[in-house]
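Structure first, commentary second.
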Ligand code: FAD
Ligand code: DHB
């Protein structure tokens, strides 16, 4: 079989790129290791920048997000028992949209099905080949049968653990990494959110985040130890812990109930350079990871897709390789700024095992400065709503 672009991975990056290419008349096939239902069962990101929302519109998959997504004009920072609102809209003229990654994925899958796009799920042994030359191809097996897919380009949208980055090890790949000494324990519960805006809390017991998926579904997180296990966290323990990390009036207002999902995610900063190896591109989490504190992972996947889609469109429409040649540098320039922001937000809001009394005072001073200075609040706000593409 032959196609123009093979996309490895049916996460948001792969689906978004696939839909934009399909709409532009560029053939593509998506290869995915797990089933469609499994992809849809993963609960992850919740905050979309306006740039990502615009790309969903452009892909023809933004209609439900515009209808059901919750525009947020601000969020709360709590520390030392007090609330401080960051007025995103007042400071930047922009907002973010709270709409779950699960729903983004579902909308893109529905759009792809309606457009007759080919996605092959539950494939194994996916390997990119010969991307250094003019005729790359991808091999994979499905139901025990080996297949070969010839193409012009390979888009590695296969997340942090996928085969695309592995295929470029030893080919000039350089990596940069920081692993944080804690994780996030997250739950979803069908209870109304404690506040209509998100709350990021810095507390002596550790970071906490109150988010949501809708007016009736809450998404909450607490910082936990790296060796913590989900089984050790009953719902009651979780509710007691998150309430202990919030100002008293917020804790009292919180509605609790049975969790419908509970999982632990480690926190990591990671960047691969470059993001292009001949005719293979690394896109989204395959090329970089941010800790979730700044809500940037999904949004960075979207900006990569913007740059790569523009480059591929230019290649096919104008026979120009300029966009392709510039993809890595363009994407990395934005990636590193989001890496900096996510690292800073993580440092500012979490308890670190080795921070000591000096580190805590510095963190308090940072938060006081941040909430007391319009310039500092504006810097936070413009990064949070998303730097321009
Ligand atoms: P993925 O979503 O990981 O998709 C990669 C796909 O490739 C997967 O479907 C995978 O099954 C597939 N794949 C892997 N290996 C193979 C293989 N061998 N063959 C074929 N397919 C393969 N980001 C935000 O912007 N805002 C947030 O609020 C936010 N919150 C988060 C909260 C949590 C708890 C977590 C864990 C993440 C959060 N993120 C957030 C990050 C965000 O979820 C990711 O950055 C996003 O999923 C990246 O999309 P992707 O398509 O690049 O990768
Ligand atoms: C959510 C996740 C984040 O990492 C974040 O910073 C804000 C919200 C969420 O899942 O809703």
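Residue numbers (full-length UniProt numbering): 1 to 389. Note that beta-carbon positions come from the ideal geometry of N, C-alpha and C, so glycine has one too.
Does any heavy atom of ligand 1 sit closer than 7 Å to the C-beta of residue i?
i: residue 8; result: yes
i: residue 210; result: no
i: residue 165; result: no
i: residue 285; result: yes
i: residue 61; result: no
i: residue 232; result: no
i: residue 32; result: yes
Tell me the DSSP bridge mates of residue i?
i: residue 124; result: 141
i: residue 5; result: 28 and 153
i: residue 290; result: Looking at the DSSP assignment, residue 290 forms no beta bridge with any residue, so it has no partner.
i: residue 97; result: 48 and 71
i: residue 218; result: 189 and 212
i: residue 78; result: 83 and 201
i: residue 183; result: 224 and 266
i: residue 196; result: Its beta-bridge partners do not exist; DSSP assigns none.
i: residue 148; result: 139
Would residue i be called buried (16 or more neighbouring beta carbons within 10 Å of its own) or exposed?
i: residue 179; result: exposed
i: residue 49; result: buried
i: residue 35; result: exposed
i: residue 181; result: exposed
i: residue 194; result: buried
i: residue 298; result: buried
i: residue 328; result: buried
i: residue 300; result: buried
i: residue 258; result: exposed
Terminal residues of the continuous alpha helix (DSSP H) containing residue i?
i: residue 324; result: 322–349
i: residue 166; result: 163–167
i: residue 64; result: 63–68
i: residue 244; result: 235–244
i: residue 392; result: The first residue shown for the chain is 1 and the last is 389, placing residue 392 beyond what the model contains.
i: residue 89; result: 88–92
i: residue 303; result: 297–318
i: residue 160; result: Careful: residue 160 lies outside any alpha helix (DSSP H) and carries neither H nor E.
i: residue 231; result: That residue, residue 231, is in no alpha helix (DSSP H); it is neither H nor E in DSSP.
i: residue 37; result: 36–41
i: residue 22; result: 12–23
i: residue 249; result: 248–253
What are the boundary residues of the beta strand (DSSP E) that residue i is part of?
i: residue 259; result: 259–273
i: residue 208; result: 208–214
i: residue 200; result: 199–201
i: residue 173; result: Element bounds for residue 173: n/a, residue is neither H nor E.
i: residue 281; result: 280–282
Shorter than 7 Å, the distance from the beta carbon of residue i to the closest heavy atom of ligand 3, or not?
i: residue 105; result: This structure does not include ligand 3; its bound ligands are ligand 1 and ligand 2.
With a threshold of 7 Å, establish whether the CB of residue i neighbours any heavy atom of ligand 2.
i: residue 20; result: no
i: residue 393; result: Any question about residue 393 goes unanswered here, given that the chain covers just 1 to 389.
i: residue 294; result: yes
i: residue 198; result: yes
i: residue 85; result: no
i: residue 245; result: no
i: residue 219; result: yes
Three or more C-beta pairs below 8 Å linking the stretch 168–179 and the stretch 60–67: no
Inter-stretch contact (C-beta, 8 Å, three-pair minimum) for the stretch 64–84 and the stretch 361–376: yes
Three or more C-beta pairs below 8 Å linking the stretch 253–263 and the stretch 126–141: no
Segment contact, 8 Å Cβ cut-off, at least three pairs: the stretch 201–209 with the stretch 282–291: no
Touching by the beta-carbon criterion (3+ pairs, under 8 Å), the stretch 151–161 and the stretch 7–20: yes
Meets three-Cβ-pair contact criterion under 8 Å: the stretch 258–269 and the stretch 296–309: no
The stretch 104–121 / the stretch 218–233 touching (three or more Cβ pairs under 8 Å): no
Cβ contact check for the stretch 22–36 and the stretch 65–82: 3 or more pairs under 8 Å: no
contact_flag[the stretch 37–51, the stretch 335–347] where n(CB pairs < 8 Å) is 3 or more: no
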